[in-house]
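Here the structure comes first, spelled out in C-alpha cells, and everything after it is commentary.
Residue numbers (this note's numbering), protein chains in the order written: chain A, 46 to 181; chain B, 46 to 181; chain C, 46 to 181; chain D, 46 to 181; chain E, 46 to 181; chain F, 46 to 181.
Structure, rendered in C-alpha cells:
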C-alpha cells in the first residue's frame, strides 16, 4: 500500500539566466529580461513528494517533521536569501532555470531519502511558471 | 479517450496521533505535539479525482454534482466537526495520520464509484502537509 | 533527463451545457442549472504542462515565454470573453463541459508543441471543479 | 467591543457590459471585449463583512451560519448560474460592472441585517479585479 | 507618514463552542455541530497588522522578524496543537468563537507592541469564516 | 456613492536591505540575511485600490483596464526583473523595505490618478509579509 506524502516549503533568491558561452546579444535574445546582469529575484515555492509504504507502527510513510527538517537543512539554508549565481556552487556553471533548480534539488534530497522511496520535486518560480521532476 | 475529473471539498475535525501499544513517552517522542491527549484539529481539504471515458451523450466522465453528493454523504457527513479518534469507527484502532485518512477515504469512495473508473485521493492536513493515494 | 514545465493562464467565458438531441426536460434533468438557456459563465484557469529533455544550451525544456505566447494565441484569444456555444466553432456541436473543453485545448496545443514533448492539460471551471487530460 | 465577522461565498454568472444609450461603436470603444453581445462570464467571489458588538451569551456578532443562509437566499439563489443582464431584474437598466453589482448586493443584504450592524461588501470579478462598498 | 506592516501566521487547534450556563439542548440549538462534546478543529490563519511611522534609519515600522518572533511566542506556542477549551486558560470561561479568539489575541499582543502603534487582528477559522478586530 | 475598485498585479525583483551610514556589522545585526551583499529576491504582489464616485454613464469608478495600463507603465515596467538597489533611481538612497517600496509606488501612482480619488497600496513581499499605505 504505497502512499505519497508531500511537504510545501519556500525560499527567496536572486538569479540571472545566462549561457556564459554566448555573447550578451545572444543571451539577451534568448533570456530577455531574465538576463539582467544586476539580477532579479523570486519567491520560490517548493513541494517535495515522497512515495512509499505506510509503516503500520506509525501510520507514516515518512515523518513530515523530519522531511521538513531535511528540506530546511538541505534546500532552504542553502538557497534562501542567496544569489543563486554568485553564492551557490551548484549554479556556478549551471544556468539557474526552474528546470535546472528542480533537478539540483532532486539530487540534493535523493541521497538523503530512503532508497526505497520515490521522490518528486515541484518548484514554482512564480505563480504562473513551475516545473516538476521525478528523477532521471 | 480517458479524462480525469476532480472535485474539491473539505471537513474540519479534531484528532490525536498515537500508537496505543506504545508508552506515552514513546508516543511523545515519535508524534511530538500531535500526541496532545486533549486533541488538536485541522481544516482538511480533499480532492477526489475520477478517471474514465467521456460519455458522448453528456460530455461527462461523471456528473460532478453526483460526485459532490457522494463526497458529502460518505466523507463530509462522516468526518466533519467530529473527533476522528473518538467519534469515527474507522479510526478506533487506526492512527489518523494524513496517510491513513487518505486510504480510508479511498476505500469508502472506491465501493461507490463505477468499477471502470480509476480513483485518486489528495488530502491536505494543513497548507504545507498533504498526501496522495491511488489505490493498492 | 525529462522535466515537466508548466504555465498557468486563464480565460473568462459564458456557456450552456446541453445535448441538442434531448428534450428541454431531459436537459434540465441532467444538466440542472447549467442548462440555463441564457447562459452562465466562469473564470477558467488553465495549466499547460510540457514534458521533455532539458536543452543543455538553455536549461529549458521549452521557453515558458514562448509557451505563454502560444497559449495566448491559440487558447486565450480564441475563448476569452466569448460565449463558447455561440462564438466558438469548436463547441457548435460539442457540449462545453470541463472534460470536453480540456480535450479541445489539448488538441489545439498538441499540433503546435514539439512532437517529442508530452502534453498535459489541467482546466479549472471553478475552484472546486476541474479536469485533467494527458492525451488519447 | 465591536468586531467584524466575515463570510466568503461565490456565484457563477454571465454578463455583458453596455450603456444602452450609446451606439455599438461607443460601447465597443469604452467596454472593449466586455461588450461582446453574446455575453461572457465569471466566477464571482463575494465577502460579506458585518461589524457589531459581540453578544456575551453566544460570543457571536452574528451567527455565521445564519449569515451564510442569508447570502445563499438573497444573493446566490438570485445570481448563480444566471445571465445578469437577461435573467436579473436588478440589471435590466443597470450596467453590471463589478462596482454596480457590489452596490446591488449591499442594498439587498442591508435590509436583512440588524440595523445596528455595519455592512461591507467585497466582490471579486476575477482574481485581479475586485470592488469594495461600505454603504452610501 | 504612517504605514501598516502585516505578518501572516497560523496555528492548529481543537475546540468546542458552548455556553456552560445553557442546557445541552439550547447549546445544540444555537451552536449546532460546533457543540460536539468530543471537539472538532481548525487550521487557524492569523494576520497581525501594525500601523506606525516608518523609522528613517531602518525603513521599518517594526521589524517583521521581531513581530514574527512575538507572534510565535505569544500566540503560536500558546494555542498551536492545543485544545482551546481544555488546555488554554484564556478560554476556560470564554466561548472560543472566532470573534472571542480574535479579541484574546489582540489583548495578548497589544501589551507587547509599542503603544504608539495601532494593532489589528484578522483571524480565519476556515477559508470561508473570519473575523477582524481593531481594538476596543 | 463611493466605491473602491482594486487591481492586482505583480513584479519580480532583487534587492538588498541596508543603511549605507552603518557598518556592515550593524547592518548584519539589524537586517540579518536581508543584508546579503549579493542580493536576494522576491515575487512582489501589488494591489492598487482607487476610491471614488461611480460614473452613472459607465458604471465605473475608473476603468480597470486603464488602471492596469497605468500600473504596467508606472510600476511593472520600472521594477520588474530589476535590481531595486542598482537599477532603480528611487532606491539609490532609500532602503527598499516593503514599507518604503509601498510609499514609492503610492507616490508614483498618486500623480497619475484623478485628484478626487483616494488611493491605497497593498504590497506583498512574500506570502507572509506585506504592507499597506493610504497616503501621508
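From the three backbone atoms N, C-alpha and C, an ideal C-beta is built for every residue, glycine too.
It should be emphasised that the depicted structure is a prediction, and the values quoted were computed from it without experimental measurement.
Residue-chain proximity (residue i, chain B), Cβ-Cβ < 8 Å
i	result
residue 121 (chain E)	no
residue 93 (chain A)	no
residue 83 (chain E)	yes
Contacts around residue i, its chain only, beta-carbon distance under 8 Å, and the 5 residues preceding and following it disregarded
i	result
residue 149 (chain F)	135, 136, 139
residue 85 (chain F)	59, 60, 61, 78, 79
residue 107 (chain E)	50, 95, 97, 158, 159, 162
residue 128 (chain C)	58, 59, 60, 84
residue 73 (chain B)	80
residue 46 (chain C)	98, 99
residue 152 (chain D)	none
residue 71 (chain C)	64
residue 91 (chain D)	53, 54, 55, 56, 116, 120, 150, 166, 167, 168, 169
Chain D contact for residue i (CB, 8 Å cutoff)
i	result
residue 111 (chain F)	no
residue 131 (chain C)	yes
residue 64 (chain E)	yes
residue 48 (chain E)	no
residue 145 (chain E)	yes
Supposed contact pair residue j and residue i - C-beta distance, whole angstroms, cut 8 Å
i	j	result
residue 96 (chain E)	residue 163 (chain E)	4 Å
residue 56 (chain C)	residue 105 (chain C)	At roughly 25 Å, the Cβ-Cβ gap does not stay under 8 Å, so residue 56 (chain C) and residue 105 (chain C) are not in contact.
residue 98 (chain D)	residue 154 (chain D)	So it is not a contact: roughly 19 Å between Cβ atoms.
residue 102 (chain A)	residue 64 (chain B)	6 Å
residue 133 (chain C)	residue 123 (chain C)	7 Å
Within-8 Å CB hit, residue i to chain G
i	result
residue 176 (chain A)	Note that chain G does not occur in the displayed structure, where the protein chains are A, B, C, D, E and F.
Residue-chain proximity (residue i, chain F), Cβ-Cβ < 8 Å
i	result
residue 53 (chain E)	yes
residue 181 (chain D)	yes
Beta-carbon contacts of residue i that lie in its chain and below 7 Å, excluding the five residues immediately before and after
i	result
residue 143 (chain B)	168, 170, 174, 175, 176
residue 82 (chain C)	61
residue 224 (chain B)	Nothing about residue 224 (chain B) can be reported from this structure: the residues present for chain B run from 46 to 181 only.
residue 67 (chain D)	none
residue 121 (chain E)	54, 56
Within-8 Å CB hit, residue i to chain C
i	result
residue 171 (chain D)	yes
residue 88 (chain D)	yes
Sequence-distant residues of the same chain with beta carbon closer than 6 Å to residue i, five excluded per side
i	result
residue 112 (chain D)	52
residue 87 (chain C)	170
residue 48 (chain F)	99, 106
residue 76 (chain C)	62
residue 165 (chain C)	94, 179
residue 115 (chain F)	157
Within chain E, the residues that residue i reaches when beta carbons sit closer than 7 Å
i	result
residue 142 (chain F)	104, 105
Per-residue contacts from residue i into chain A (C-beta, under 8 Å)
i	result
residue 78 (chain F)	125, 126
Beta bridge counterpart(s) of residue i as assigned by DSSP
i	result
residue 165 (chain D)	D:94
residue 86 (chain A)	A:59
residue 74 (chain C)	In the DSSP output, where bridge partners are listed per residue, residue 74 (chain C) has none listed.
residue 51 (chain A)	A:94, B:175
residue 100 (chain C)	C:105
Beta-carbon neighbours of residue i, restricted to chain C and to distances below 7 Å
i	result
residue 75 (chain B)	Correct list: empty, because the minimum Cβ distance to chain C is about 35 Å.
Interface residues of chain C facing residue i [CB-CB closer than 8 Å]
i	result
residue 57 (chain D)	85, 86, 87, 171
Neighbour flag for residue i against chain A, beta carbons, 8 Å
i	result
residue 72 (chain B)	no
Beta-carbon neighbours of residue i, restricted to chain B and to distances below 9 Å
i	result
residue 99 (chain A)	142, 144, 145, 148
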